[in-house]
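Asks: Shown below is the structure under consideration.
In this note's numbering, the protein residues as written are 2 to 282.
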């Protein structure tokens, strides 16, 4: 695997790959990689693909009271994991390559970014959209891969790609989970042992709510029961919501695909998760 920290060198390598007839696929990450990220790399490894992973801990998507300074950074371990997974190129831009002096542009995606995590973390999705647009222009991939665990982020990126005419196929990769159901996340390393045992209440509460709704139960009661279960397990709940799977609008219309989304904090760690509630299944 080749590692680049300068944009001119990256573009030269990608130009050579395209000249050889290879299609560029991008897997954007913030590092501290786990099996969920590796699943993205594996999904991107089609015949003839040049798989590019990026690692950049983006300061613009962290709020004033969030965990930028303590976000896990494991560069050498990440390089080993990506090499073993068959990644071709790693793009490791420094902050000044992403946000040079005088940088003044912000991308804001209305609608899908405004509720849920957008309400709980003001400005977060502006930072996501801006950095992803930068990465798209730097790498110019034909395809890009994102995890469905960050369901609202995926919706924001898809909306931005459609609105700004990026000629990029966006692929969502299913959430990867521990054996007990907890969604893999770089932030799971923050959990104390007791908190890790309690954290499984999040996917379990969503599963119970999804089954209740699919069984014809009242959605409002299922959401309230999930919130109560999480509170009883020691979580401080930001939201448990049922939304339209495409627009993220609350109270999906009949026949529309639905998604359960939740965010809750246990100790100092904020976890998110989601499950499909498909009316056609």
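Quick reminder that beta carbons are idealized off the backbone N, C-alpha and C, glycines included.
For residue 274, write down the residues that DSSP places opposite it in a beta bridge.
Replies: What you label residue 274 is simply residue 273 of the chain shown in a count that begins at 1. In DSSP, residue 274 forms a bridge with 263.
Asks: Would you report the Cα separation of residue 13 and residue 139, rounded to the nearest angstrom?
Replies: Counted from its first residue, the chain shown places residue 13 at position 12. Counted from its first residue, the chain shown places residue 139 at position 138. When rounded, the distance between both Cα atoms is 11 angstroms.
Asks: Closer than 7 angstroms by C-beta to residue 129: which residues in its own chain qualify, once you throw out the five before and the five after it? Chain order, please.
Replies: Taking the first residue of the chain shown as 1, we reach residue 129 at position 128. 62, 154, 157.
Asks: If distances are taken between C-alpha atoms only, which option among 64, 278, 144, 276 comes closest to residue 126?
Replies: For the purposes of this step, residue 126 is identified with residue 125 of the chain shown, where counting begins at 1. Checked all of 64, 278, 144, 276; the closest Cα to residue 126 is 64.
Asks: In its own chain, which residues sit with a C-beta less than 7 angstroms from the C-beta of residue 215, not counting the 5 before and 5 after it?
Replies: Taking the chain shown and counting its residues from 1, one reaches residue 215 at position 214. 278.
Asks: Can you check which of these residues, 249, 166, 150, is closest to residue 184 by C-alpha distance?
Replies: On the chain shown, residue 184 is found 183 positions in, with the first residue counted as 1. Nearest of 249, 166, 150 to residue 184, Cα basis: 150.
Asks: State the Cα-Cα distance for the pair residue 147 and residue 98, rounded to the nearest angstrom.
Replies: On the chain shown, residue 147 is found 146 positions in, with the first residue counted as 1. On the chain shown, residue 98 is found 97 positions in, with the first residue counted as 1. Rounded to the nearest angstrom, the two C-alpha atoms are 22 angstroms apart.
Asks: For residue 170, I'd like the list of residues in its chain whose CB is within less than 8 angstroms of its CB, leaving aside the five on either flank, ordered along the chain.
Replies: Looking up residue 170 in the chain shown gives position 169. Around residue 170: 143, 144, 145.
Asks: Just checking my contact of residue 274 with residue 224 at CB under 8 angstroms: how many whole Å lie between their CB atoms?
Replies: By one-based count along the chain shown, residue 274 stands at place 273. By one-based count along the chain shown, residue 224 stands at place 223. Not really, about 14 angstroms apart at Cβ, beyond 8 angstroms.
Asks: For the region 111-120 against the region 225-238, are there 3 or more C-beta pairs whose distance is under 8 angstroms?
Replies: Touching, no.
Asks: Is it right to say residue 6 is buried, meaning 16 or more other beta carbons lie within 10 angstroms of its own, or is it exposed?
Replies: Reading the chain shown from its first residue, position 5 is the one you call residue 6. Residue 6 is exposed by the Cβ-count criterion.
Asks: Please report the residue range of the beta strand (DSSP E) in which residue 119 lies.
Replies: By 1-based counting over the chain shown, the position of residue 119 is 118. Taken as a continuous stretch (DSSP letters only), residue 119 belongs to no beta strand (DSSP E), being part of the alpha helix (DSSP H) at 118-121.
Asks: Can you tell me where the beta strand (DSSP E) holding residue 212 begins and where it ends?
Replies: Counting from one through the chain shown, the residue named residue 212 turns up at place 211. It is not in any beta strand (DSSP E) - residue 212 instead sits in the alpha helix (DSSP H) that spans 202-215.
Asks: I'd like to know if the region 238-246 and the region 160-167 are in contact, where contact means that at least 3 CB-CB pairs between them fall below 8 angstroms.
Replies: Not touching, per the Cβ criterion.
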